[in-house]
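Quick notes on the structure that follows.
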Amino acid sequence: MKFSEQWLREWVSPALSTQALADQITMAGLEVDAVEPVASDFSGVVIAEVISREPHPDADKLNVCRVDDGSGEPVQVVCGAPNVAAGQKVPFARVGAVLPGDFKIRKAKLRGVESRGMICSASELGLEEETSPGILELPPSAPAGDDFRAWLSLDDHTIEIDLTPNRGDCLSLKGVAREVGVLNRMAVESPAIAEQPAVCEDTFPVAVSAPEACPRYVGRVVRGVDVGAETPLWMVERLRRSGVRSINVIVDITNYVMLELGQPMHAFDLAELVRTIEVRHAHDGETLVLLDGQEIALRPDTLVIADADKPLAMAGIMGGEHSGVNGATRDVFLESAFFTPLAVAGQARSYGLHTDSSHRFERGVDPALTWQAIERATELLTRIAGGRPGPVSETASPDHLPAARRVRLRAERIEQCLNLALPGEEVVEILDRLGMPAVVEALGAWQVSVPSWRFDVSIEEDLIEELARIHGYNRLPARRPPVRLGLSADNEARQPLARLRRQLVARDFQEAITYSFVAPDLQGMLAPDAVAPRLANPISSDMAVMRASLFPGLVKALMHNLNRQQSRVRLFEAGLVFRGELDSLEQVPMLGALVAGPRSPEGWAGGRDTVDFFDLKGDLESLFALSGSADDWRFEPATHPALHPGQTARILRDGRPVGWLGALHPGVRHELGIRAEVFVFEVEQAALLEGRLPIFAPLSRFPEVRRDLALVVEATVPVQALLDTLREQAGEWLTDLHLFDVYHGRGVAEGHKSLALGLTWQHPSRTLNDEEINQLVEAIVAESKHRFGAELRG
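Below is the structure:
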């Protein structure tokens, strides 16, 4: 909402500076985004009348004008504007004037003709951002010789506030003035809105077929309107300072009433309406050409204003081109309606539209404004453009209008929420100023009537928020609650997510936080088999579906880094993924990571090797070890459409699949333009966080026994399967088993590999002898040969 400070001060003018007023509004919950002057700084510009205009003797596009600037003698000036004419009132910069950009006006000769001053355009005075094609024409009533800046009240500011969706009541000057009046305990002086008597008996029939969406529709015929009448400069300026462009007198008046009172209105060309107005839902196949020239196909759930033949407008959003006011319009039908927020919410966005009207109706417009707005618009229209108004007609469905609301408020609840015991007199006084009269129900309790313009007040806490706002958030005391808080039990069998984060950071990863919305194409490449919800109103085409995997966000972050010459990337992310359609949606917390580029940071002691599959596998295994249950995890070869066929593993815990690890598929990398090899993993958080309760085991005082075995097996044999077999056969006293070498080459048959394994035994109460260990080794070798064809390497 953007408005002029001077316009606001006509309604209510506290003794505050501009910045203090803006700060007060912000502290009341209506955040001020910007305070800007309405015009650039300039001086020495007066109102002048063009007495004569003659062609320049030596230049086709220049004119020699004589102007009366109120100094007593005509002033000669050379002007190149095509629209300058004798009899006009114009802004005139005298010699010595300073225009925006520190441009000083001096005497000059243009093609041999003396020029003493400059007739100005709106852009030259900083009143428009775009370059104006001609001079700024002023009304004939503008007094020649008066200071232009003072006459147009340009020592003013525009204040722009960013309203939360629940404060639709402040999307008008009336609403903002009401708030300022409440904050400063001042009366608000609003313009008197008198009933405009009917001069003719003409009406136009109206029918409402969707009363639940449009409970009130008010209309009025006004005949003989001069659509060519000039919009008064004061109105044009107020519209401009509110960010609205002047179009024609009828549209300007409806826009002005919307800004002033908060009621969107529309004016139809009466000659274009066929037999009746009907408020209904669109029929299948109907189309509408909007005022901006865009043709749209209407859906059956869209509320429209139609006549007997066709739709005329999207209700509460935008009018149609066919029935809009134009230069030939003589008779108009003014519309002022109440559309329920649910009937309009989301409709404009679903068609790619957003209008001042839809912005207000979506948030709630006071249903009591319809009559005030049509009387105010009629008064302005007949005063400025003439016309003969007919009687006001109303079509209403009281059962569907918002019901009067009463909310119970308790003093004890106020103190509980605000940590402050407000006196009852102050509570009643604040609520009365807000237009919410409070009636004492019992000691320390009130029944509060909610006004029709406050759609956001429905429960006790809403009233308490209002009390805090007006009393002043900065005046609320800060106290510690007198509550004894007990310590929660620590589940030692479950580790916190923060510990996993710290572990990855310690291993040189950086945490990434990416959007839950991703591009459909990217998700199709990285998780082609996934089913995830598609957004009905995406922020952009690159954020149109919910992510079914963390891979798209991490890969996009990688590309962002690579495009900025960051070749070594190590990222992880913890977040939700979304699987299934909306009616069966599953939200799964996942932990994912991505590595690419050199294994070590650049340095004199570091090599230039790039990361590989086993680097990331080691990082992941370090997370398994944190839980004390590393033996519960397994990796098995598998295939994933987005991962390299020979470098992909499915991650299992206790035999259940919980994630993936692998290299990004070369085809995917080529399509995304990524040259470096990329390795990724993704694991369910629930599996990672589940640990094992630590249990103390006494240390043995007896010596360990170690045996190293080199087993030759086929290259396709998974090492994990071999390790599981060795554990089975090694007995209960095995304390350590690890692979410390893999060898291919001379001495090992082609298609085979030599696996060097270290096994360590230790008995808790005695020394193991060679005979016991030899028996275990023989059992291990025999079972390995039986299951995998393993042979001891000679």
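Following my numbering, the numbering of the sequence shown begins with 18 at its first residue and continues without gaps.
Positions of the beta carbon are idealized from the N, C-alpha and C atoms, including for glycine.
(1) Assign L256 to one of two classes, buried (16 or more other C-beta atoms within 10 Å of its C-beta) or exposed (fewer than that).
(2) Considering only the alpha carbon of each residue, which of G185, V95, Q93 lies closest to D383?
(3) Would you call the CB atoms of G286 and G341 closer than 8 Å?
(4) Exposed or buried, R580, counting other C-beta atoms within 10 Å across all chains shown (16 or more means buried)?
(5) Could you pull the DSSP bridge partners for F841 from this structure?
(6) For the beta strand (DSSP E) that contains K78, what are its first and last residues?
(7) Are V562 and P550 touching if we call contact CB-CB under 8 Å?
(8) Kindly list the residues whose CB is nearer than 6 Å to the CB of R427, restricted to its own chain and excluding five residues on each side of it in sequence; keep chain order.
(9) Starting from the C-beta of I42, find all residues in its chain whose C-beta is less than 6 Å away, skip the five residues before and the five after it, and write them out in chain order.
(10) Give me the residue from G620, V467, G363 with the minimum Cα distance to N554.
(11) Hey, how far is the Cα of G94 from the Cα of L305?
(12) Tell me whether K191 is buried or exposed, calling it buried when 16 or more other Cβ atoms sit within 10 Å of its Cβ.
(13) Smallest Cα separation from R709: which of V700, P720, E509?
(14) Would you mind reading off the limits of the beta strand (DSSP E) that contains T271?
(15) Please report the distance separating the alpha-carbon of A495 from that of R450.
(16) With a cut-off of 8 Å on the beta carbons, I'd call P232 and A413 a contact; round off their distance for me.
(17) Anyone know if the C-beta pair for V266 and I401 falls short of 8 Å?
(18) Compute the distance between the beta-carbons of V92 and R123, then report whether it is under 8 Å.
(19) For Q527, which residues does DSSP report across the bridge?
(20) Among the residues of its own chain, which have a CB less than 8 Å from the CB of D753, if the five just before and after it don't count?
(21) Just list the beta strand (DSSP E) runs in the segment 404-436, keeping only unbroken ones of 3 residues or longer that don't cross its boundaries, in chain order.
(22) For R744, which residues of its own chain have a beta-carbon under 7 Å away from its beta-carbon, when the five flanking residues on both sides are left out?
(23) Rounded to whole angstroms, what is the Cα-Cα separation between P358 and G46?
(24) Using the beta-carbon count (16 or more within 10 Å), is W621 buried or exposed?
(25) Excluding sequence positions up to five away, which residues of its chain have a Cβ less than 8 Å from the Cβ of L660?
(26) Pull up the DSSP beta-bridge partners for P606, would you.
(27) Buried or exposed: T784, going by 16 or more other Cβ atoms within 10 Å of its Cβ?
(28) Which value, in whole angstroms, describes the spacing of the CA atoms of S60 and A159?
(29) Touch check for the segment 337-351 and the segment 209-218: three-plus C-beta pairs under 8 Å?
(30) Per the contact definition of three or more C-beta pairs closer than 8 Å, is the segment 68-83 in contact with the segment 167-181?
(31) Less than 7 Å between C-beta atoms, sequence neighbours within five positions excluded: which residues of the same chain meet that for H780?
(32) Indicate whether at least one CB of chain E lies closer than 8 Å to the CB of A738.
(33) With a floor of 3 residues, list each beta strand (DSSP E) that falls wholly inside the segment 452-493, ordered by position along the chain.
(34) Tell me which same chain residues have a C-beta within less than 6 Å of the C-beta of A76, skipping the five on either side of it?
(35) With P537 as the anchor, note down where its alpha helix (DSSP H) starts and where it stops.
(36) Just to confirm the assignment, what range does the alpha helix (DSSP H) spanning G764 have?
Quick answer:
(1) Along the sequence shown, read from residue 1 onward, the residue named residue 256 stands at position 239. Answer is buried; the Cβ neighbour count reaches 16.
(2) The residue you call residue 383 lines up with position 366 of the sequence shown. Among G185, V95, Q93, the Cα nearest to that of D383 is on G185.
(3) Counting from 1 along the sequence shown, the entry for residue 286 is found at position 269. Counting from 1 along the sequence shown, the entry for residue 341 is found at position 324. The question names Gly, but residue 286 is Asp in the sequence shown. Yes, the pair counts as a contact, with Cβ atoms nearer than the cut-off.
(4) Here residue 580 refers to the residue found at position 563 when the sequence shown is read from its first residue. This sequence places Asn at residue 580; Arg is not what is there. Label assigned to N580: exposed.
(5) No information on residue 841 is available, as it lies outside the stretch 18 to 811 that the chain covers here.
(6) Start at 1 with the first residue of the sequence shown, and residue 78 comes out as number 61. From DSSP, the beta strand (DSSP E) with K78 extends over 76-85.
(7) Numbered from 1 along the sequence shown, position 545 holds the residue referred to as residue 562. Numbered from 1 along the sequence shown, position 533 holds the residue referred to as residue 550. Contact: yes.
(8) Along the sequence shown, read from residue 1 onward, the residue named residue 427 stands at position 410. Same-chain partners within the cutoff: A462.
(9) Taking the first residue of the sequence shown as 1, we reach residue 42 at position 25. Excluding residues within five positions, the ones whose Cβ falls inside 6 Å are V49.
(10) The residue given as residue 554 occupies position 537 in the sequence shown. Nearest option by C-alpha distance: G363.
(11) Position 77 of the sequence shown, counted from the first residue, corresponds to residue 94. Position 288 of the sequence shown, counted from the first residue, corresponds to residue 305. According to the sequence shown, residue 94 is Val rather than Gly. Distance between the alpha carbons of V94 and L305: 51 Å.
(12) Taking the first residue of the sequence shown as 1, we reach residue 191 at position 174. K191 is buried by the Cβ-count criterion.
(13) Taking the first residue of the sequence shown as 1, we reach residue 709 at position 692. Nearest of V700, P720, E509 to R709, Cα basis: E509.
(14) In the sequence shown, counting from the first residue as 1, residue 271 sits at position 254. That residue, T271, is in no beta strand (DSSP E); its alpha helix (DSSP H) goes 266-278.
(15) Here residue 495 refers to the residue found at position 478 of the sequence shown. Here residue 450 refers to the residue found at position 433 of the sequence shown. Those two C-alpha atoms are separated by around 26 Å.
(16) Residue mapping note: residue 232 aligns to position 215 of the sequence shown, counting from 1. Residue mapping note: residue 413 aligns to position 396 of the sequence shown, counting from 1. With a Cβ gap of about 6 Å, P232 and A413 count as contacting.
(17) Position 249 of the sequence shown, counted from the start, is the residue given in the question as residue 266. Position 384 of the sequence shown, counted from the start, is the residue given in the question as residue 401. Yes; because the gap between Cβ atoms is below 8 Å, this pair is in contact.
(18) Here the question's residue 92 lines up with position 75 in the sequence shown. Here the question's residue 123 lines up with position 106 in the sequence shown. Cβ atoms of V92 and R123: not closer than 8 Å.
(19) Taking the sequence shown and counting its residues from 1, one reaches residue 527 at position 510. For Q527, which the question treats as bridged, DSSP gives the partners L588.
(20) As a working mapping, residue 753 is identified with position 736 in the sequence shown. Around D753: G775, L776, T777.
(21) 410-413, 422-427
(22) As a first step, residue 744 is located in the sequence shown; it is residue number 727 there, counting from the start. So the list reads L751, L754, once near-sequence residues are dropped.
(23) By 1-based counting over the sequence shown, the position of residue 358 is 341. By 1-based counting over the sequence shown, the position of residue 46 is 29. In a straight line, the C-alpha of P358 is about 22 Å away from that of G46.
(24) Taking the first residue of the sequence shown as position 1, residue 621 is located at position 604. Flag for W621 reads exposed.
(25) As a working note, residue 660 is residue 643 in the sequence shown. Here the set comprises W677, G679, A680, L681, H682, V697.
(26) Working through the sequence shown from its first residue, we reach residue 606 at position 589. Partner(s): L593.
(27) Taking the first residue of the sequence shown as position 1, residue 784 is located at position 767. Classification for T784: exposed.
(28) Translated into positions along the sequence shown, residue 60 becomes position 43. Translated into positions along the sequence shown, residue 159 becomes position 142. Their Cα atoms are separated by approximately 18 Å.
(29) no
(30) No, they do not touch.
(31) Here residue 780 is taken as the residue at index 763 of the sequence shown, counted from 1. Cβ contact annotation for H780 (same chain, cutoff 7 Å, sequence separation greater than five): S717, F719, W750, in chain order.
(32) The structure shown contains no chain E; it is built from a single protein chain.
(33) 455-459, 462-467
(34) Stepping through the sequence shown from its first residue, residue 76 is reached at position 59. R128.
(35) Here residue 537 refers to the residue found at position 520 when the sequence shown is read from its first residue. First-last of the alpha helix (DSSP H) with P537: 537-543.
(36) Start at 1 with the first residue of the sequence shown, and residue 764 comes out as number 747. Unbroken run through G764: none, as it is neither H nor E.
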